[in-house]
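Novice: Residue numbers for the sequence shown, in this note's numbering: 14 to 321. The beta-carbon is built from N, C-alpha and C at its ideal position, and this holds for glycine as well.
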Amino acid sequence: DDRADRVSRKPKTKRSKRFLESRAPKLTEDVKSAMIMKGGNTSQTITQALKDIYSLKKPNAVLYKKKNITRPFEDSTSLEFFSKKTDCSLFLFGSHNKKRPNNLIFGRMFDFHVLDMIELGIEKFTSLSDIKVSKCPEGTKPMLVFAGEAFDTDNEYKRLKSVLIDFFRGPTVSAVRLAGLEHVIHFTALDGKIFMRSYRCLLKKSGCRTPRIELEEIGPSFDFVLRRTHLASDDLYKTAHRQPKALKPKKKKNISHDVFGTKFGRVHMQKQDLSKLHTRKMKGLRKRRGEVVAEEEGQAPKLAKVES
Numbered sequence: 014d015d016r017a018d019r020v021s022r023k024p025k026t027k028r029s030k031r032f033l034e035s036r037a038p039k040l041t042e043d044v045k046s047a048m049i050m051k052g053g054n055t056s057q058t059i060t061q062a063l064k065d066i067y068s069l070k071k072p073n074a075v076l077y078k079k080k081n082i083t084r085p086f087e088d089s090t091s092l093e094f095f096s097k098k099t100d101c102s103l104f105l106f107g108s109h110n111k112k113r114p115n116n117l118i119f120g121r122m123f124d125f126h127v128l129d130m131i132e133l134g135i136e137k138f139t140s141l142s143d144i145k146v147s148k149c150p151e152g153t154k155p156m157l158v159f160a161g162e163a164f165d166t167d168n169e170y171k172r173l174k175s176v177l178i179d180f181f182r183g184p185t186v187s188a189v190r191l192a193g194l195e196h197v198i199h200f201t202a203l204d205g206k207i208f209m210r211s212y213r214c215l216l217k218k219s220g221c222r223t224p225r226i227e228l229e230e231i232g233p234s235f236d237f238v239l240r241r242t243h244l245a246s247d248d249l250y251k252t253a254h255r256q257p258k259a260l261k262p263k264k265k266k267n268i269s270h271d272v273f274g275t276k277f278g279r280v281h282m283q284k285q286d287l288s289k290l291h292t293r294k295m296k297g298l299r300k301r302r303g304e305v306v307a308e309e310e311g312q313a314p315k316l317a318k319v320e321s
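(1) Identify, in the order they occur along the chain, each residue of the same chain with its Cβ nearer than 6 Å to the Cβ of M209, setting aside the five sequence neighbours on each side.
(2) Kindly indicate which residue of R28, L194, K80, M282 has the alpha-carbon position closest to the one of R213.
(3) Hey, how far is the Cα of S140 from the Cα of K258?
(4) According to DSSP, is L69 part of a helix, a strand, or is it coil?
(5) Starting from N116, trace the beta strand (DSSP E) both ways and give me its first and last residue.
(6) Identify every residue that forms a DSSP beta bridge with V75.
(7) Look at the alpha carbon of E132 and the alpha carbon of G274, and state the distance between them as a whole number of angstroms.
(8) In terms of DSSP beta bridges, what is R210 paired with?
(9) In this structure, what does DSSP give as the bridge partners for G134?
(10) Considering A253, what are the terminal residues of the beta strand (DSSP E) in which it resides?
(11) I'd like the span of the alpha helix (DSSP H) that includes E87, first residue to last.
(12) For M156, which beta-bridge partners are listed by DSSP?
(13) Taking only the alpha-carbon atoms, compute the straight-line gap between N110 and L92 and give it to the nearest angstrom.
(14) Assuming L105 contacts I49 (C-beta within less than 8 Å), just tell me the rounded distance between them.
(15) Just tell me which of K266, H270, V146 has its CA closest to the CA of V280.
(16) What does DSSP give as the partner residues of F226 in its beta bridges?
(17) Quick one: Cα of L157 to Cα of D248, how far?
(18) At the level of alpha carbons, what is the spacing between H291 and K284?
(19) Helix or strand or just coil, what does DSSP make of S269?
(20) I need the DSSP call for K263, collapsed to helix, strand or coil.
(21) K45 to I268, Cα distance in whole Å?
(22) Would you kindly work out how many angstroms separate the C-alpha atoms of N116 and C221, rounded to a whole number?
(23) Over the uninterrupted alpha helix (DSSP H) stretch that includes K171, give me the two end residues.
(24) Enumerate in chain order the residues of its own chain whose CB-to-CB distance from L203 is below 7 Å, with the five nearest sequence positions on each side excluded.
(25) Determine the burial state of F181: buried for a count of at least 16 other Cβ atoms within 10 Å of its Cβ, exposed for fewer.
(26) Is the beta carbon of S108 sitting closer than 8 Å to the one on T55?
(27) Look up D100 in the DSSP assignment and give the residues it is bridged to.
(28) Starting from K276, trace the beta strand (DSSP E) in both directions and tell me its first and last residue.
(29) For the alpha helix (DSSP H) that contains R31, what are its first and last residues?
(30) So S96 and M122 are supposed to be a Cβ contact under 8 Å. How far apart are they, rounded?
(31) Mark M295 as exposed unless 16 or more other C-beta atoms lie within 10 angstroms of its C-beta, in which case mark it buried.
(32) In its own chain, which residues sit with a C-beta less than 7 Å from the C-beta of G152, not counting the 5 before and 5 after it?
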């Protein structure tokens, strides 16, 4: 493997040492970056669409302004070369021709080789600049919403959902604040099409502690149609999702959860000797004068006659 060979080489300078360490495998990988490029033939719609998606993806993206004469579905060596050069595991390729007008290809890499590619055609497009409202700050982590049963039933739509989550999810964070949840990207699968909308969350006064939420469309807006797909095999897909042992949660014995998330613990105890059980002594249960209690085991207590 070329990457392993470079890492195993002994660096000659501190700069090259830092570079090789940044490319070496890590227990927790860095944020996935995307390279956005256009093909040999493009249209104004594709050029603007790539710029708008780059605005949503910044700062974890690289935008190539020059044309790249390549066809990813026929030959992906050019994409793999740029992926290795820029250390990007995601890519977006835009092209336009008579057979496939206004074409976008979303894809991702594994070990600098193409894992998945999904081709979407733009049927309707509204740019960021066409909607005159205030936008979300750069680098805002979006909330992703997927609507439509096709995302849960159809294999190609399932993989498309996974690719879109990888592309737009942003950095992994340990905590969020309410005011920071202001960007929503909504995907809807309906009648063979995919509708992408982008909204800004507005927190309005509601008269109580919880604010009233309103969504304001900020763009870009896409109406996609699914075209060609290049999906990884199940074995390769499983290998790409394999986690290191150090990241896997340790299994705890005798602990289970029900459907509501309630935690139950099983405690193993030895058999108790009830004859030595100490109970609370109550005044009302004391023996009265003149009462005789049978001491034989298994014999019911008898009351003695009291002479007056």
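Specialist: Working from what's here:
(1) F200, F235
(2) L194
(3) 44 Å
(4) helix
(5) 116-123
(6) M48
(7) 39 Å
(8) H199
(9) N116, V238
(10) Taken as a continuous stretch (DSSP letters only), A253 belongs to no beta strand (DSSP E), being part of the alpha helix (DSSP H) at 247-253.
(11) It is not in any alpha helix (DSSP H) - E87 carries neither H nor E in the DSSP assignment.
(12) V197
(13) 20 Å
(14) 5 Å
(15) K266
(16) In the sequence as displayed, the identity of residue 226 is Ile instead of Phe. Looking at the DSSP assignment, I226 forms a beta bridge with L216.
(17) 27 Å
(18) 16 Å
(19) strand
(20) coil
(21) 35 Å
(22) 47 Å
(23) 168-181
(24) G161
(25) buried
(26) yes
(27) Beta-bridge pairing links D100 to no other residue.
(28) 276-278
(29) 27-36
(30) 5 Å
(31) exposed
(32) K71, P72
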